[in-house]
Amino acid sequence: MRLAATLFFAVLLAPAFVSAEELQLVTGNEYEPYTDQKLPEGGLATEIVRAAFAKEGHTVKVEFAPWKRGAELAAKGEVAATFPYVISEERQKTYNYSEPMLFLQQILKANPASGITSADPASLKGKRICLPLGYSTVKTVQPLVDSKEIIRSELPDMKSCMQHVASGRSDFLIIDKISGAIAMSAAQQTEASFKSFPVENATNTLHLIVGKERADGAKVLAAFNAGFAKLKSGGELAAIIKKHVPGYTE
Numbered sequence: 004m005r006l007a008a009t010l011f012f013a014v015l016l017a018p019a020f021v022s023a024e025e026l027q028l029v030t031g032n033e034y035e036p037y038t039d040q041k042l043p044e045g046g047l048a049t050e051i052v053r054a055a056f057a058k059e060g061h062t063v064k065v066e067f068a069p070w071k072r073g074a075e076l077a078a079k080g081e082v083a084a085t086f087p088y089v090i091s092e093e094r095q096k097t098y099n100y101s102e103p104m105l106f107l108q109q110i111l112k113a114n115p116a117s118g119i120t121s122a123d124p125a126s127l128k129g130k131r132i133c134l135p136l137g138y139s140t141v142k143t144v145q146p147l148v149d150s151k152e153i154i155r156s157e158l159p160d161m162k163s164c165m166q167h168v169a170s171g172r173s174d175f176l177i178i179d180k181i182s183g184a185i186a187m188s189a190a191q192q193t194e195a196s197f198k199s200f201p202v203e204n205a206t207n208t209l210h211l212i213v214g215k216e217r218a219d220g221a222k223v224l225a226a227f228n229a230g231f232a233k234l235k236s237g238g239e240l241a242a243i244i245k246k247h248v249p250g251y252t253e
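Now the structure itself:
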């Protein structure tokens with residue numbers, strides 16, 4: 004009898020988040036292979052997020068919205084989280100970040116006539132970088148974009164940026180190798196259209212982010228991080244990545 008009473012009160016006192024509730028999340032389109040409602044499972048990052056939360060007993064409802072709108076909803080706490088985002092100093096003022104879900108090796112692709120001979124930030128001053136709406140770039144280059152020492156061309160997506168750089172209307176872009184190969188194919192360009200340079204010390208990480216105004220934000224992040232750790236240790240993460248990125252090796 005005493006045990007039953009104890010369990011009854013434990014249920015009453017348990018936070019609502021512990022129940023297997025549906026979490027409202029938001030992400031955007033045109034970020035292949037990571038997120039797009041046209042992709043299988045909504046993209047690689049979307050499948051990772053769903054699987055991680057499922058490990059902790061939560062289903063998720065993912066809305067695909069314009070990136071700016073999704074970021075605003077998450078900032079206000081109107082959705083549990085948004086994804087996938089790289090770390091930026093500005094965003095860290097508004098959001099808390101999960102553990103990294105993916106590591107992205109960055110590469111600079113330049114128009115051959117741009118005069119660019121390396122990814123050294125100092126040599127990029129006065130050049131024009133193409134960035135899709137809402138995107139930031141690597142930590143070594145972003146301050147020069149913010150100060151307008153590097154000129155920003157802002158286009159709808161990375162496919163458009165590939166075309167912009169290939170045509171010479173922008174001088175360069177910086178992208179991870181996986182997304183770059185996909186965007187280049189979508190833009191009907193080949194490696195011959197670009198000069199490519201490795202970006203040193205610029206492996207970006209993708210994260211789920213939660214607005215600091217979200218009351219249960221710490222619990223949302225804890226659930227994701229715990230579920231993600233299980234995905235990784237059990238080998239399921241690698242299987243999900245291989246499904247979306249053929250030829251992937253750890």
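Read in our numbering, the sequence shown has 116 at position 113, and its numbers run on one by one without any break.
Glycine included, C-beta positions come from ideal geometry on N, C-alpha and C.
It should be emphasised that the depicted structure is a prediction, and the values quoted were computed from it without experimental measurement.
Nearest neighbour of E35 by Cα position, chosen from Y98, A122, T143 and P135, turns out to be P135. Judged by their CB atoms, K130 and I153 are nearer to each other than the 7 Å cut-off. Straight through space, the alpha carbons of A190 and E75 are spaced by roughly 30 Å. G183 places its beta carbon 7 Å or farther from that of N114. Taking C-alpha positions only, F67 is separated from L28 by approximately 9 Å. Runs of alpha helix (DSSP H) with 4 or more residues, each lying fully within the segment 59-127, are found at 70-78, listed in chain order. If you draw a 10 Å sphere on the C-beta of N207, you find 16 or more other C-beta atoms in it, and that means buried.
For D149, there is no enclosing beta strand (DSSP E); the enclosing alpha helix (DSSP H) covers residues Q145 to D149. Our two residues, L176 and V144, have alpha carbons roughly 11 Å apart in a direct line. Look at the segment 160-229 and you find these whole runs of alpha helix (DSSP H), each 4 residues long or longer: 161-170 and 180-189. The bridge partners DSSP lists for R155 are I132. Shown here for E33: same chain residues with a beta carbon closer than 8 Å to its own, the five before and five after excluded, namely D39, P135, P159, D160, M161 and K162 in chain order.
For L26, no alpha helix (DSSP H) run applies; the uninterrupted beta strand (DSSP E) run containing it begins and ends at E25 to T30, by DSSP.
A check of alpha carbon separations from S150 across M165, E203, P124 and K222 identifies P124 as the nearest.
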